[in-house]
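As structure tokens, the structure follows; a few thoughts come after it.
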Amino acid sequence: MMNVMKYKKIYLLFSGIVLLPGIISLLVFRLNLAVDFTGGSVFTYDISNVTSLESAEQTVKDAFSEQGVPINELVSSQDQIEVRTEPVSSEVNDQLLQKIKESQDSISQKSFITVGSIIGRETALKAFKALGVASLGIMLYIAYAFRNIPKPYSSLRFGVSAIIAMLHDAFLLLGMFSLLGKFHGVAVDSLFITAVLTVIGFSIHDSIVVFDRIRENLKKMPSSWGFEDVVNFSIVETLNRSFATSLTVLITLLSLFILGGESIKYFVLALLIGIISGTYSSIFTASPILVIWEEHILNKNKKS
Amino acid sequence: MFKNIYFRLGLISTLVALCLLIDLPRVPIKSDNQWLSVDSFIGGYSFSLFGGRYQFDFSKFKRGLDLNGGVRIVLQANLEDIAPEDREKAVESAVEVIERRVNLLGVSEPHISTLKVGDDYRIVVEIPGVGDVTEAISLVGETAQIKFMELKDDVEWNVENYQQYYFSPDVWQETDVTGADLKGAAVVFGSGSKAGLQDRPQIQLSFTKPGLDKFSEVAKKNVGKPVAIFLDDEVTPISMAVVDQNLAQGLVSDPVISGSFTMQEAQTLSVQIRAGALPISISVVEQQTIGATLGEESVQKSFFAGLVGMGMVLIFMIYMYRHMGVLADMALIIYTIIILAIFKIIPVVLTLPGIAGFILSVGMASDANILIFERIKEEILWGKPEAMAIKHGFERAWTSIRDSNISSLITAFILFEFGTGPVKGFALTLSLGIMVSLFTSIVVVRTLIEVFNIGDFRKVTQK
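Residue numbers (my numbering), protein chains in the order written: chain Y, 1 to 304; chain H, 1001 to 1463.
Spelled out as structure tokens, the structure:
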């Protein structure tokens, strides 16, 4: 049989190395927050019928400076220009659009969004609350569902290991998007928060399937088997399922990513990164942590 | 009874057939020849139950703003001047006002909801298909007007032609009494001397002191004649009542509007009057205009992507699990049929994240089957006969299916509880998906295995 757990410390080291750039980016560059969180106005203009991107950009810039609305950020792509400013009213938007239309009629407005800064802060706070409550709820549920595992193993340690793996996935995702925000202008909006929370759900889902098998095998295996052997055996047994499930989810996500609408592209990308990380972490993060922790406790008990 | 596979199969088939009927858009059936003449349709039904209390419209899926285009406005209610215990009522009234105003626009399916954040009340107004946010804001933001009208001096009152007065706006003229003179309106029960009015719900108006004096004047002038209450610029009054003889002496207590109201009607009316009388000031805190083209393009693309993704999952399952995979695929198709019907029944407002949640749940729906089938493979590997392996596969995979799905549901519920608009939609479709998929991937697949008697499975179940 494969000895997956033999390299458990290497997996944790690998996870650390992968996580590091994202974490550093999170600390240095933070996240590129969308108006959902910061408050502000976003103007999106359709320029698919425009002959030159530069002239369209110039028209938009001129209109904003004439109206005395300072631009915080201007992102343009093939068919749209996105302008972000401090929060302004819809009358200002109407005036701006009129100015733009006067000089270049082929530009039209796709959308206009204004979020007050109070609402923005609330949304961010809510998201963090949701993350906290979800972690706590799931940890308690695992501690409850695994309460019957034989002594001296503790169901709480199962719960905490699953949560650590989950945080691994969440921070990998946050780090990646911090980097994407810095170098690609990708903004983190409430859809992204949805993606993070979904990944959390999937990550736990996956860890539980592996832990469930450990729970079953702990009761079944002869006592001569060490904890690491049982965990290793359980992982090998559930390996097929882990890959099959991840593949089905990845297939649907990939088709969404390649063929789906532009507006959910980064949402789907976040899910893709998260699902891959979630599958990896249930085998190579949650289980090694559990093994190291449980064996540490066993050794301590032996000594005393 | 549930042990009988044909009973279960019948039940599942009936369910699927019903859901299919709900899923279908309206398809006309027309035939006009000498043998058969039909002019009918199938699917896209709409009906209401219990006298309109429950409305069902299965003609189309409800689409969110991001798919339809439109305007979304979030209003903050300024309630400093209103006593904390009256705030909820005041907001409720404001929503009524806004609803009536939006309905004046004649757009289909505006969506108005309230949101309580801490001590703040917010009103979220979503109007599909309207592009002009400025117009929408001015429409929603105005304060409501309630007017007390009397008959014009040159109009004769004839009680026989009650209806006629009701429907002719030009026989009325304004009085001095306005919404500003009202303190409120509440539903009370008749205790009056009049026969037949006892215990009937009535609406009690309460006036301010100057308002009461003004109203008394109007009442005195119009004894035996009607006084009507108009809201905004609507052409028919919300209430029209003939002034009672007793009122001629002037008002001693607050006047009531009586009539053959049901409790429900009386409550609605009192809310409407309050809505006019109690305009709270509101300010815009968030606004969005979403172009319709953006939506249409995204929906079609994402829908197509979903179909492709699902098709690939179907192929993958057959590749991995052969004949069992075929059964799982049937379950997956049944899953889709049921979940789409549920979307129409509730109805779930479909948004892009909602569709993404649904597509993700298709992936997760396969997980339960993968867990079961992998377990069956293992059990066969350990030397069990196929029938026993299938039985144990279902039994032993259950704990992991249960625990993993409960934890997913916990996340989904928390998302729903803490999330805002799009997050809620995603959480709802995801949790519905998880629950339905548990049914299809376990109950349906197991029944199908029995029906096709795979691995002589009936040998172990019929014992």
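Where a beta carbon is used, it is the ideal one built from N, C-alpha and C, also for glycine.
Between H/Leu1018 and H/Ala1341, the C-beta gap is smaller than 9 angstroms, which places the two residues in contact.
Contact annotation: the stretch 53–67 of chain Y does not touch the stretch 147–163 of chain Y, with fewer than three C-beta pairs closer than 8 angstroms. Between Y/Glu82 and chain H, the shortest Cβ-Cβ separation is not below 9 angstroms. Counting only Cβ-Cβ distances below 7 angstroms, H/Lys1301 has contacts in chain Y at Leu259, Gly260, Gly261, in chain order. From the beta-carbon of H/Gly1309, the residues of chain Y found nearer than 8 angstroms are Ile251, Thr252, Leu253, Leu254, Ser255, Leu256. Put simply, of H/Phe1316, H/Ile1390, H/Lys1391 the residue whose alpha carbon is nearest the alpha carbon of H/Gly1363 is H/Phe1316.
Among the CB atoms of chain H, one or more fall inside 9 angstroms of the CB of Y/Lys126.
Judged by beta-carbon spacing, Y/Thr194 lies beyond the 9 angstroms limit of H/Asp1367, meaning their Cβ atoms are not closer than that value. Counting only runs of 4 or more residues that sit fully inside the stretch 1201–1237 of chain H, the alpha helix (DSSP H) segments are 1209–1221, in chain order.
Judged by pairs of C-beta atoms under 8 angstroms, the stretch 1369–1376 of chain H touches the stretch 232–246 of chain Y, as three or more such pairs exist.
By alpha-carbon distance to H/Arg1200, the top candidate from H/Ile1449, H/Ala1094, H/Asn1405, H/Val1256 is H/Val1256. Interface with chain Y (9 angstroms Cβ-Cβ cutoff): H/Ala1077 is excluded.
Contact check for Y/Val210 and Y/Ser282: beta-carbon distance about 5 angstroms, within the 8 angstroms limit, so the pair qualifies. Membership of Y/Val210 in any beta strand (DSSP E) is not indicated; the residue belongs instead to the alpha helix (DSSP H) covering 190–220. Among the CB atoms of chain Y, none fall inside 9 angstroms of the CB of H/Leu1428. Within the stretch 232–249 of chain Y, the residues whose Cβ lies closer than 8 angstroms to any Cβ of chain H are, in chain order, Glu237, Thr238, Asn240, Arg241, Ala244, Thr245, Leu247, Thr248, Val249. Its chain contains Ser1046 as the residues whose beta carbon lies nearer than 6 angstroms to that of H/Asp1057, once the 5 sequence neighbours on both sides are disregarded; these appear in chain order. Under the three-state reduction of DSSP, Y/Met1 is assigned to coil, being neither helix nor strand.
Out of Y/Glu91, Y/Phe128, Y/Gln109, the CA that lies nearest to the CA of H/Phe1418 is found in Y/Phe128. Listed by position along chain H, the residues whose Cβ is nearer than 7 angstroms to that of Y/Asp212 are Thr1399, Ser1400, Asp1403. Counting only runs of 3+ residues, the beta strand (DSSP E) found wholly inside the stretch 98–123 of chain Y occupies 108–115, in chain order. In this structure, DSSP gives Y/Phe43 an extended state, which the three-state scheme calls strand.
At a C-beta separation below 8 angstroms, Y/Val268 has these neighbours in chain H: Ala1356.
Excluding its 5 nearest sequence neighbours in each direction, H/Leu1115 has C-beta neighbours in its own chain below 7 angstroms: Arg1122, Val1124, listed in chain order. Close partners of H/Glu1378 in chain Y (Cβ separation under 8 angstroms): Glu237. The alpha-carbon separation between H/Glu1217 and H/Phe1050 amounts to approximately 44 angstroms. Taken atom to atom, the span from the alpha-carbon of H/Gly1044 to that of Y/Leu33 is near 43 angstroms. Residues of chain H with a Cβ closer than 8 angstroms to the Cβ of Y/Phe112 are, in chain order, Val1133, Gln1287, Gln1288, Thr1289. Between Y/Phe192 and Y/Gly278, the C-beta gap is not smaller than 9 angstroms, which leaves the two residues out of contact. By the neighbour-count criterion, in which 16 or more other beta carbons inside 10 Å mark a residue as buried, Y/Met2 falls on the exposed side. If you look at Y/Leu180, you'll find it isn't in any beta strand (DSSP E); it sits in the alpha helix (DSSP H) that goes 155–184. Taking C-alpha positions only, H/Asp1213 is separated from H/Ile1098 by approximately 30 angstroms. Identification of chain H residues near Y/His205 by a Cβ-Cβ cut-off of 7 angstroms yields Ser1404, Ser1407, Ser1408, ordered along the chain.
Unbroken alpha helix (DSSP H) runs of no fewer than 4 residues, entirely contained in the stretch 1029–1087 of chain H, are found at 1065–1068, following chain order. Residues of chain H whose Cβ lies closer than 7 angstroms to the Cβ of Y/Leu197 are, in chain order, Thr1411, Leu1415. Taking 9 angstroms as the CB threshold, H/Gly1383 stays off the interface with chain Y.
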